[in-house]
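S.K.: Next up is a structure, given as structure tokens.
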Amino acid sequence: MIRHILKVMRNEWRTNLSLWIELMIVASLLWVVVDQLYITYQIYRQPMGFDVEHTYCLRLGYLEPNSPLYDHTISVEENRAQLLTIRDRIARNPMIEVASTSLHSRPHTWNNRSISLTHDTLSCTALERIVSPEFFRVYRYQSIDGDTEAMVEALRRGEIILSQDYAERFFGKGKAREALGSEIVRGDPSSDNAQRLRVGAISRIVRYDQFINWTEYFATPMTDPMIERYFADRKDLWGLELSMRVKPEEDRDFIRRFRSEMTEQLTLGNYYIADLYSVEENRDASQVDNFNEIKTKGIIVLFLLVNIFLGVVGVFWFRTEARRAEIGLRLSLGDTPRGILGKYYAEGLLLLLLAMLPAMLVFYALGYWEVIPLGFMQLTLGRYASGLVLTYLLMALMIILGVWAPGRRAIRVSPAEALRSE
89 MIRHILKVMR
99 NEWRTNLSLW
109 IELMIVASLL
119 WVVVDQLYIT
129 YQIYRQPMGF
139 DVEHTYCLRL
149 GYLEPNSPLY
159 DHTISVEENR
169 AQLLTIRDRI
179 ARNPMIEVAS
189 TSLHSRPHTW
199 NNRSISLTHD
209 TLSCTALERI
219 VSPEFFRVYR
229 YQSIDGDTEA
239 MVEALRRGEI
249 ILSQDYAERF
259 FGKGKAREAL
269 GSEIVRGDPS
279 SDNAQRLRVG
289 AISRIVRYDQ
299 FINWTEYFAT
309 PMTDPMIERY
319 FADRKDLWGL
329 ELSMRVKPEE
339 DRDFIRRFRS
349 EMTEQLTLGN
359 YYIADLYSVE
369 ENRDASQVDN
379 FNEIKTKGII
389 VLFLLVNIFL
399 GVVGVFWFRT
409 EARRAEIGLR
419 LSLGDTPRGI
429 LGKYYAEGLL
439 LLLLAMLPAM
449 LVFYALGYWE
459 VIPLGFMQLT
469 LGRYASGLVL
479 TYLLMALMII
489 LGVWAPGRRA
499 IRVSPAEALR
509 SE
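Right, here's the structure in full:
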């Protein structure tokens, strides 16, 4: 059968050549579209590495000197004590499961700190998360062994934590555990001011958000002296995050209830509650633009798919309609309807297979020259193979439909009538 189909294709080589070129171009375009959908799906479905359900973040404000409520008699030492008292009162609230302090570190924040660390002679930059040990309990981070407490204890010992992918940049792929107990240098290694830090735990990969493949980070402990030094003598509290995980049974109308109960207790000296919000709801609000962008891309992709679908189906529909006389002749010579359609299916799919060969080279070249985006995901064998298979299946479906619909009508016509009408 294959030999017969190849003979027919060779006899109609002029028609098949133009169709082969068309299929090659369309397959290349469809492959790019499918690839973008594949990347978006793969990034979105990856685990986040944290849990923001039942979590809230409180930000403090500091009265301006021109405020009638401003107390000019409060010293820096009193500011420090009041700040720590506010933190402790939040943690002791019976509605709160656990509370933490951090600087530009909570999930779904757009305020970040990044810095380079050095091991031996290799320096790599990552996000710095300055957090209290309880931060990992609030957002349920886990070590590569699935243990949150190992990370909590590491920070309490004054050690740092590396994310798995960040550790692998220093020690190699699959060797993140080798970072445990090693020394990492912060600053110029040749300088006397360089900090030498010990790695106490390795964190599972933590994603920045659901649409960005940005994951490398390291965590350093946020101690009481650091809170006092950084915030108590400064009026800018914008970066200070007081995060809390609420007990599930208490997470109903929590913000109103917490403000009603705690506003007076947390208004100390010149400090007051500036904002209190759900981290989960903040995530949804911060990703509205991302979802809108995906919707726009989805509409464009749908438009392209419809046009490709109509084009490919239309070509094979017209091609099959033009063979009505041939179908009638084959039926009169004893071919079965199923056998005739099978030959046309096989011819179209074989032509597609031949068109996919140069399309494979085209897509590889697009990846090699970085015409297609590689920032979110490298052109791995899995990505390449997935795009190839999905593109072929979609094109094959279009070809089969383009042959089946007119072919099904043609085989129902009697051979004599088909030949007479031709």
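In the working numbering, the protein residues as written are 89 to 510.
Using N, Cα and C, we set each Cβ at its ideal position, and we do this for glycine too.
Predicted model only: the values in this text are computed from it and were never measured.
Specify the secondary structure class of Y144 as computed by DSSP and reduced to three states.
M.R.: Here the question's residue 144 lines up with position 56 in the sequence shown. Reduced to three states, the DSSP call for Y144 is strand.
S.K.: Would F306 and E237 qualify as a contact pair, given that the criterion is a beta-carbon distance under 8 angstroms?
M.R.: For this step, residue 306 is matched to residue 218 along the sequence shown. For this step, residue 237 is matched to residue 149 along the sequence shown. Taking 8 angstroms as the cut-off, the Cβ atoms of F306 and E237 do not count as close.
S.K.: Which residues does DSSP list as the beta-bridge partners of P309?
M.R.: Start at 1 with the first residue of the sequence shown, and residue 309 comes out as number 221. Answer by DSSP bridge pairing, in chain order: V219.
S.K.: Can you look up L268 in the DSSP assignment and give me helix, strand or coil?
M.R.: Counted from its first residue, the sequence shown places residue 268 at position 180. Here L268 carries a coil assignment [DSSP, helix/strand/coil].
S.K.: Apply the 10 Å Cβ neighbour rule to D159 and answer buried if 16 or more other Cβ atoms are within range, or exposed otherwise.
M.R.: In the sequence shown, counting from the first residue as 1, residue 159 sits at position 71. D159 comes out exposed.
S.K.: Output needed for E409: all residues of its chain with C-beta closer than 7 angstroms, excluding positions within five of it in sequence on either side, in chain order.
M.R.: One-based indexing of the sequence shown puts residue 409 at position 321. The residues are P494.
S.K.: Which of the three DSSP states, helix, strand or coil, is assigned to L330?
M.R.: The count along the sequence shown starts at 1 and reaches residue 330 at position 242. Residue state, collapsed to three classes: strand.
S.K.: Select from I131, Q353, M486, P336 the residue whose C-alpha is nearest the C-alpha of L462.
M.R.: Residue mapping note: residue 462 aligns to position 374 of the sequence shown, counting from 1. Restricting attention to I131, Q353, M486, P336, the CA atom closest to the CA of L462 is found in I131.
S.K.: Can you find the residues in the same chain that come closer than 6 angstroms, C-beta to C-beta, to V121, ignoring five residues on each side of it along the sequence?
M.R.: To locate residue 121, count along the sequence shown from 1; it is residue 33. Hits under 6 angstroms: V389, L392.
S.K.: Among residues of its own chain, excluding the 5 on either side of L191, which ones have a beta-carbon nearer than 6 angstroms to its beta-carbon?
M.R.: In the sequence shown, the residue the question calls residue 191 occupies position 103. So the list reads I218, G327, once near-sequence residues are dropped.
S.K.: Residue range of the beta strand (DSSP E) that Q283 falls in?
M.R.: To locate residue 283, count along the sequence shown from 1; it is residue 195. Start and end: 283-291.
S.K.: Alpha carbon to alpha carbon, how far is Y437 from V140?
M.R.: Locating residue 437 in the sequence shown gives position 349, counting from the first residue. Locating residue 140 in the sequence shown gives position 52, counting from the first residue. Inspection of the sequence shows that residue 437 is occupied by Leu rather than by Tyr. Approximately 49 angstroms between the Cα atoms of the pair.
S.K.: By a C-beta neighbour count over all protein chains shown, 10 Å radius and 16 as the cutoff for buried, is W119 buried or exposed?
M.R.: Position 31 of the sequence shown, counted from the start, is the residue given in the question as residue 119. Buried, by the Cβ-count rule.
S.K.: For R274, write down the residues that DSSP places opposite it in a beta bridge.
M.R.: Translated into positions along the sequence shown, residue 274 becomes position 186. Under DSSP, the beta-bridge partners assigned to R274 are L205, Q283.
S.K.: Would you grab the beta carbon distance between R177 and L354 for me? Rounded to a whole angstrom, and I think it's under 8 angstroms.
M.R.: Position 89 of the sequence shown holds residue 177. Position 266 of the sequence shown holds residue 354. Right, their Cβ atoms sit about 6 angstroms apart.
S.K.: I need the DSSP call for S366, collapsed to helix, strand or coil.
M.R.: By 1-based counting over the sequence shown, the position of residue 366 is 278. Correct three-state label for S366: strand.
S.K.: Pick out the complete alpha helix (DSSP H) segments inside the stretch 117-190, 4 residues or longer, and give them in chain order.
M.R.: Secondary structure remark: continuous alpha helix (DSSP H) runs of at least 4 residues inside the stretch 117-190, in chain order: 164-180.
S.K.: On the CB-based measure, 16 or more other CB atoms within 10 Å of its CB, does T209 come out buried or exposed?
M.R.: Stepping through the sequence shown from its first residue, residue 209 is reached at position 121. Under this definition T209 is an exposed residue.
S.K.: Once you ignore the five residues that flank L117 on each side, which residues in its own chain have a CB closer than 8 angstroms to its CB?
M.R.: Locating residue 117 in the sequence shown gives position 29, counting from the first residue. Within the same chain, L117 has close Cβ partners L392, I396.
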